[in-house]
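So the sequence lines, in the order shown, correspond to chains X and V.
So that you can map any letter, position 93 of the first sequence is 107 in our numbering, and since no number is skipped, the others follow by simple counting.
So that you can map any letter, position 34 of the second sequence is 612 in our numbering, and since no number is skipped, the others follow by simple counting.
Even glycine gets a Cβ: it sits at the ideal position worked out from N, Cα and C.
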Amino acid sequence: EAAVTQSPRSKVAVTGGKVTLSCHQTNNHDYMYWYRQDTGHGLRLIHYSYVADSTEKGDIPDGYKASRPSQENFSLILELASLSQTAVYFCASSDREVFFGKGTRLTVV
Amino acid sequence: QQQVRQSSQSLTVWEGETAILNCSYENSAFDYFPWYQQFPGEGPALLIAIRSVSDKKEDGRFTIFFNKREKNLSLHIKDSQPGDSATYFCAATFYNQGKLIFGQGTKLSIKP
């Protein structure tokens, strides 16, 4: 079965600090995505990537950077974490079907 | 502007009834509409999907009815079970592209 693994599963970060969320897939998929989930808003696309060493902006990229060093790994980076970035973050990979990881709950205090 | 909209934030039905979850979308160019099921603490998982060339897709107890002219669709869950209690997301995109646009979700509760 397709597997997308996120780490950490939860994190508390300090306002203004740097946060890195990691994602690893064993699906051999070219496409990977980072989504953010907030109550009442569904999931919104932050960044995505079609190939290693290349990333694209999604619908809400402000305040986030992404890195795709290999086909298997895709990171989301918050250089200066803010309170408004408290949310659950999901990584996903896809061929035709999109497979999601279990999510990372980020709390910025 | 909400490109994909689900009409109810929450829905409660009795066990054995048919649950109907409604969704509408703005962009008439979207041609692929998956529904995702999410349990607490888990990521969304694909439940069933339909392409815009079809008006109905059935998979066991789950059926999507699609109206391209009205730009809306609905998910019918027949013979609802307590294990169906979850949040359901309607999404839209272009076929073979994973950039999903999600609705805000409907939390479905099944009363035994």
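Contact between R82/X and A66/X holds, with the beta-carbon distance rounding to 5 Å and staying under 8 Å. DSSP places S658/V outside both helix and strand once states are collapsed to three, so it counts as coil.
If you draw a straight line from the Cα of A597/V to the Cα of V112/X, it is about 25 Å long. One thing to note: I642/V has its Cβ within 8 Å of the Cβ of K634/V.
Here the alpha carbon of D44/X sits roughly 7 Å from the alpha carbon of D109/X. Note that the C-beta distance between E593/V and P660/V is below 8 Å.
CA-CA distance, H61/X to K656/V, rounds to 37 Å.
For E70/X, the uninterrupted beta strand (DSSP E) segment begins and ends at S68 to K71. At a C-beta separation below 8 Å, G638/V has no neighbours in chain X, since its nearest C-beta there lies roughly 17 Å away. Exposed is the label assigned to Y673/V, since fewer than 16 other Cβ atoms lie within 10 Å of its Cβ. Judged by DSSP in its simplified three-state form, S632/V adopts coil rather than helix or strand. Nearest CB-CB separation between P622/V and chain X: below the 8 Å threshold. By the CB criterion at 8 Å, F640/V and S632/V fall outside the cutoff.
Bridge pairing for F640/V: D637/V and I655/V [DSSP]. DSSP, read as helix, strand or coil, puts Q20/X in strand.
Per the DSSP secondary-structure output, S687/V pairs in a beta bridge with T590/V. Taking a beta-carbon distance threshold of 8 Å, F680/V counts as an interface residue toward chain X. Contact check for A627/V against W613/V passes: the beta carbons are separated by less than 8 Å. Scanning chain V for C-beta atoms nearer than 9 Å to the C-beta of R82/X yields nothing, as the closest lies near 14 Å away. In the DSSP assignment, R583/V is bridged to S602/V.
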